[in-house]
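In the working numbering, the protein residues as written are 15 to 688.
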């Protein structure tokens, strides 16, 4: 989303259209901060602002459009239906079909972005709030610039502070101590006039940055020339790792933190509410090579152990949440781009993702397979699909008017020697004013033309999931925590599948023939443990060995780590009855549900699997019906049910509500009609 430098807003406004009116837009939730006056003759112009927006947010403003005028507006119109406009008084307006359902929105005055777009025209400053759950009042704050110059100031009774950074060189490190002697650190994440708070969470960001390099933070602060602070994407990558482990507490606490840099840059008041309320509940302690984060929230206790690997420049967070009746646990690894090589690879992969999304959005309904091939490695193999089949499937999935953004959330692994990387990418699908997000693993290879999508190299789609399952309708048995396994190879390429782990094996059965989005026929093999006591579910990261036998007698073996665990089931309401007629074939099926409380939601997905015969029969065809895009706060949805699958009559239906958490937790509710 448009973040920090372009306000905390996601909208674009065609107020130059008479039908918009322009006077009913909501106020901006975060008014732009007054900035230092620019030198005469160097004020930001609408053209400069819109050029900058196109360069930094290509997914929203693809290509380069020319200025148009319709008094009193200067504006640009984009191929994806978005608009960007500036009034003759310097007010920025935005609107877009996939952003706020075409609701006009006043972003704020253009003067608020003078120092972001033209930093050389402004004097600089750093201000923020020092707090630990209540303000750090009357404490000395020390600022170090990149050349080891020092400035000091004191916090107010509210914990606020301000530095002038004229003559200093960013990025900046900040330091303050609590009354008990605990030292907190922070770092800036921009240029010009900016906010950098000092809290236990900003401290965890800075300490983690240096820990993956094996550098004591006190040593780094004493000489930031020898141990530079993170800049740009390095700050974001480290803050994202911290955000992932804190997202549940921040969401439940109403902290208003939605992006990693918000942990550092979001203005807040130290009044024991919102973000400061989360700080009240949070305690962080450090040991050699690790950190422990404990959050004592009213709904449960979250404990996270963070460990650091200097050889891989990575940090791993093992988190567990315990409430009165439910438990969730997860393991998240993040590579931090601390070296020049890792940073260059990160930037190149991020640029490739941005270009890929821009092509999809710019082409719209005219998108073709050939448009996507330049971004895919020639040897791509992904879940059994080759390069062309994979691209065709993507094209088919965007024929219903969806838009997309691809944002690199973190890098799970990066090997510069072999030129391979696995990135966790937040895929945001936009349709009809709703946004659906899902974190997917993208595998990249480095080629002559840069980093290309290389596919996961698997001969089949392989899913091993720990899940909290609730079965309703015609098959209302076997609810509770379980581990399920599913393997879907291209038809005829795999004859048998076995799944084993240290705790035993999962019996696999042959299932119906599926049809993917590109029309490729898929065999299916499925199995599960059945309901398990929560204590018997293997922990996150447990390896499962999947052996696939080919028709020629050869085998292919994969080792798949288990995802995060949750025991929290999600009730599904709305359907009545379990007969096939109750599925409303040929009509609409409305459903509603509750959202989980023990983990932060990353994606809500509603779908139906329709079958032309017995669900375990290889001669049966299975088709998937998806609801329109749903947001993470959605509690209801509608499925437009078909009457046939692959031209054959439907014999049974299973509605699938799948809710996943930001760290891989999974609650699944299945409602069957027969």
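Every residue gets a Cβ at the ideal spot worked out from N, C-alpha and C, and that includes glycine.
Please go through the stretch 145 to 215 and give each complete beta strand (DSSP E) segment of 3 or more residues, from N-terminal end onward. 154 to 158, 164 to 168, 174 to 178, 187 to 191, 197 to 201 and 207 to 209
Give me the residue from 201, 204 and 169 with the minimum Cα distance to residue 192. 169
Applying the 10 Å Cβ sphere with the 16-neighbour rule, what's the burial state of residue 69? exposed
Residue 378: which of 686, 95 and 341 sits nearest, CA to CA? 95
Going by the DSSP bridge assignment, what does residue 487 pair with across the sheet? 686
Have a look at residue 687 and residue 638 and give me their C-alpha separation to the nearest angstrom. 15 Å
Would you mind sorting residue 310 into buried or exposed? The rule is 16 or more other CB atoms within 10 Å of its CB. exposed
Beta-carbon proximity check, residue 541 vs residue 562, cutoff 8 Å: no
Can you tell me the Cβ-Cβ gap for residue 554 and residue 578, rounded? I've got them flagged as a contact below 8 Å. 5 Å
Quick one: what's got a C-beta closer than 7 Å to residue 293's C-beta in the same chain, skipping five residues either side? 145, 146, 147, 213 and 214
Consider the C-beta atom of residue 350 and the heavy atoms of the ligand ZN; say whether any pair is separated by less than 7 Å. Absence of the ligand ZN from the depicted structure is noted, as is the absence of any ligand whatsoever, leaving it without description.
Run the CB neighbour count on residue 72, radius 10 Å, all protein chains shown included, and call it buried at 16 or more, exposed below. buried
Residue ranges of each beta strand (DSSP E) run of no fewer than 3 residues wholly in the stretch 323 to 396, ordered along the chain? 328 to 336 and 341 to 349
Alpha carbon to alpha carbon, how far is residue 333 from residue 661? 47 Å
Roughly how far, in whole angstroms, is the beta-carbon of residue 664 from the beta-carbon of residue 599, given that I think they are within contact range, below 8 Å? 6 Å
Judging by CA-CA distance, which residue of 230, 84 and 473 is the nearest neighbour of residue 300? 230
Short Cβ contact (8 Å threshold) for residue 271 with residue 289: yes
Going by alpha carbons, who is nearest to residue 390 out of 161, 647 and 369? 369
Give the secondary structure of residue 584 by DSSP, where H, G and I count as helix, E and B as strand, and everything else as coil. coil
Report the CB separation of residue 440 from residue 423 in whole angstroms; it is logged as a contact under 8 Å. 5 Å
In whole angstroms, give me the CA-to-CA distance for residue 120 and residue 65. 19 Å
Under the rule that 16 or more other beta-carbon atoms within 10 Å means buried, what is residue 82, buried or exposed? exposed
Quick one: is residue 38 buried, meaning 16 or more other Cβ sit within 10 Å of its Cβ, or exposed? Only weak support exists for where residue 38 lies, its pLDDT of 32 falling under 50; the coordinates are left without a value.
Residue interval of the alpha helix (DSSP H) (run including residue 528): It is not in any alpha helix (DSSP H) - residue 528 instead sits in the beta strand (DSSP E) that spans 527 to 529.
Apart from the five residues just before and just after residue 337, which ones in its own chain have a Cβ nearer than 6 Å to its Cβ? 313, 314 and 612
Cα-Cα separation, residue 161 to residue 331: 33 Å
By how many angstroms is the C-alpha of residue 152 removed from the C-alpha of residue 438? 42 Å
As a quick exercise: from 455, 544 and 195, pick the residue whose alpha carbon is nearest that of residue 154. 195
Kindly confirm or deny that the stretch 445 to 453 and the stretch 344 to 359 touch, where touching means at least three C-beta pairs closer than 8 Å. no
One or two residues paired with residue 478 in a DSSP bridge: 499
Check whether the Cβ atoms of residue 90 and residue 105 sit closer than 8 Å, and answer yes or no. no
Which word fits residue 485, buried or exposed, when buried means at least 16 other C-beta atoms lie within 10 angstroms of its C-beta? buried
For residue 675, write down the residues that DSSP places opposite it in a beta bridge. 615
Does the structure place the stretch 490 to 507 close enough to the stretch 525 to 544 that three or more beta carbon pairs sit under 8 Å? yes
Beta carbon of residue 552, beta carbon of residue 517: below 8 Å? yes
Check each candidate in 283, 207 and 86 and name the one with the smallest Cα separation from residue 150. 283
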